[in-house]
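In this text, residue positions in the sequence shown follow the UniProt record's numbering: the first is 1, and each later residue adds one.
Each residue gets a CB set at the ideal place from its N, CA and C atoms; glycine is no exception.
These notes are about the structure you will find just below.
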Amino acid sequence: DLSLEDVRSKSAADTVFGHEASQQEVLQSILEPQLDRFLQEPGFSAVFLAYGQTGSGKTHTIFGPPGVLTEHDYNESGGYPKTWGFFPYAAVATLTELRQKGLQKRAQLKLTAMEIYLEKMFDLLNDRQHVAVPGASVRAGSMRADYSETRYDSDGKWRPPGKWLGEKTMPGIQATAKEVVMESPLDVVHAARLVEATRSATSHALNHRSSRSHCMITLTLRQIDANGKLCHGRLVFVDLAGSERVGKSGVSADGTGGARAFNLPGRLTVDIPGTRFDEARSVNCSLSALGRVIAALARRDKYVSFRDSALTQMLKDPLTGGAAHVTVILALRAEKSNDSETQSTMRFGTVCKDAAGSGNMRSRASKSVPARKGATVDVSKAVAELQKELAAVTEEVERMKADGQDEHLNTQGFAAPTVQGFLDNKRKFEEAKRQATRYKELLAERRSELRLAGEKEEGDRRMEELQASLVLAQQATFVASGIFYRQVTTGIWSARTPAMEQKMALRDRLAMEIDFLESAETRNSNAAHPSKD
């Protein structure tokens, strides 16, 4: 089997851990130095990218082992469960730091969780709603790459297309992805548990907990610094789906012909879950695209094919200019039978190292890296600009509603009982989906209780009840979905257009941002001018 010495001698890694290393050791060595900067330097951002073969430990590193993201684990630990991964640990550590320094009223921690599955993006904190891929759309079905032009300044630093070094920009808001404010450690637990319950995963010959999608978690810390300036920093955690060889994982194609979705009247698209063969092919293609992008950055190519996949589109900003520090975590399997995959993973690491050394991807330098342009702005000016933008977006939303782009019933030509029957079944369908997710979360909590108590799951009455309830909820979802989609084909329902979904999400995020800034500014003013009464 592959030894620790082999990896150290053959790889370009800064640090190498053996299989006996604990989660805490890895956290302390890799995460905590960047977490300290995130907490001490307003506006600091960092990316953690986990790459490797399926079953090598990427999800374990970013999230933790199965079943630990529960209320029971958190409450029993008395602080941080020792096996928690990078994302939950960083989120709770940030909230703890804000509380200890009394900064809760001048800072806000927000979370987004997105999944890329079969080249589509989904919001894991918002009922798996579709999320627009950032930037231009990915070219599907074409073998020709669609390129983004890149530029380099006189110092050899990469310059994003259309962005000039002297340009001042407002903090970017990612369209349609739901931001959830984290106010307590239990908020983190609930969000992490929901992500684990809704992410696409399956079992195959190489891994019983194989993530068949890429997952990107973003923690955004917005705070008012001592000078009254708004700063925003980010920690981005990317758990890439595992690369695999189809023959080894035991997956095979089916007769679907590669279909991904079908469209119904009323602007409704129904996604078709891919076979494991489809998933493996999609994952491998997107990882290949990522490798080409990083290799192009390492070579200082004039054109970088970010549009080859949804994954590379999503990582364009974090890898090239959105972070002061990028850490690539390579997860390896030690078995001799996986030598080929191990060598491939280490080659990917070498390419990343070359890209960092060329200055085109942020290197793991220990020196302080200044916050990027636009990370710090005057609060009053930010509020004024955001209010102006909110007014324009709100006006656009109302116009789109008037144009019929909002979801609505088409009652003309349908009897009242038919309309009511549709609404009742739509409600049942949505409730069944919520119940299925809820039972998955309750099962995770029960497994946690049994594990920490040293008891077996087999024969536990509560486990059996929850599993039976989950099956019933999934069956109810299936039945209600069939009725709902069949009714939709009659033209009784029109879904909200994707464009309006984006506008409404942007409106809500702008309103939330303004509310935070105005509240923080008011508290700051009151602190500076206390009442004389």
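With a cut-off of 8 Å on the beta carbons, I'd call residue i and residue j a contact; round off their distance for me.
i	j	result
residue 498	residue 132	7 Å
residue 189	residue 69	6 Å
residue 518	residue 383	6 Å
residue 199	residue 119	At roughly 16 Å, the Cβ-Cβ gap does not stay under 8 Å, so residue 199 and residue 119 are not in contact.
residue 50	residue 349	The Cβ separation is near 12 Å, so there is no contact.
residue 62	residue 239	4 Å
residue 505	residue 324	Actually they are not in contact, since the Cβ atoms of residue 505 and residue 324 sit about 28 Å apart, beyond 8 Å.
residue 390	residue 511	6 Å
residue 95	residue 185	6 Å
residue 449	residue 214	Incorrect: roughly 31 Å between the Cβ atoms, too far for contact.
Once DSSP output is grouped into helix, strand and coil, what is the label at residue i?
i	result
residue 99	helix
residue 496	coil
residue 144	Here residue 144 scores only 34 on pLDDT, less than 50, and its place in the model should not be relied on; the value that follows carries that caveat. In this structure, residue 144 counts as coil in the three-state DSSP scheme.
residue 17	coil
residue 301	coil
residue 8	helix
residue 218	strand
residue 91	helix
residue 412	coil
residue 405	coil
residue 56	coil
residue 155	Below a pLDDT of 50, predicted positions are generally treated as unreliable, and residue 155, at 49, falls in that range; the measurement from the model is reported next regardless. In this structure, residue 155 counts as coil in the three-state DSSP scheme.
residue 288	helix
residue 282	helix
residue 29	helix
residue 243	strand
Going by Cα to Cα distance, which pick from the options is closest to residue i?
i	options	result
residue 48	85, 432, 408	85
residue 351	335, 328, 336, 341	328
residue 431	484, 399, 395	484
residue 426	439, 478, 195	478
residue 122	58, 195, 109	195
residue 480	507, 227, 428	428
residue 337	53, 32, 13, 8	53
residue 412	192, 179, 490	490
residue 294	316, 280, 492	316
residue 225	31, 40, 287	40
residue 93	305, 119, 67, 31	31
residue 126	441, 29, 177, 459	177
residue 452	513, 330, 67	67
residue 545	398, 38, 15, 423	Residue 545 falls outside the range modelled here, since the chain spans only 1 to 533, and no answer is possible.
residue 356	387, 347, 320	320
residue 108	222, 237, 501, 82	222
Note the first and the last residue of the continuous beta strand (DSSP E) segment covering residue i.
i	result
residue 52	46–52
residue 120	120–123
residue 180	180–182
residue 239	229–239
residue 327	325–331
residue 35	From DSSP, residue 35 is part of no beta strand (DSSP E) but of the alpha helix (DSSP H) over 32–40.
residue 107	107–117
residue 129	129–131
Can you give me the start and stop residues for the alpha helix (DSSP H) that residue i sits inside?
i	result
residue 73	71–77
residue 429	416–452
residue 198	185–198
residue 316	310–320
residue 388	379–402
residue 480	461–488
residue 24	23–26
If you measure from the CB of residue i, is any heavy atom of the ligand FMN nearer than 7 Å?
i	result
residue 91	Summarising the ligand content, the structure contains no ligands, and the ligand FMN is consequently not present.
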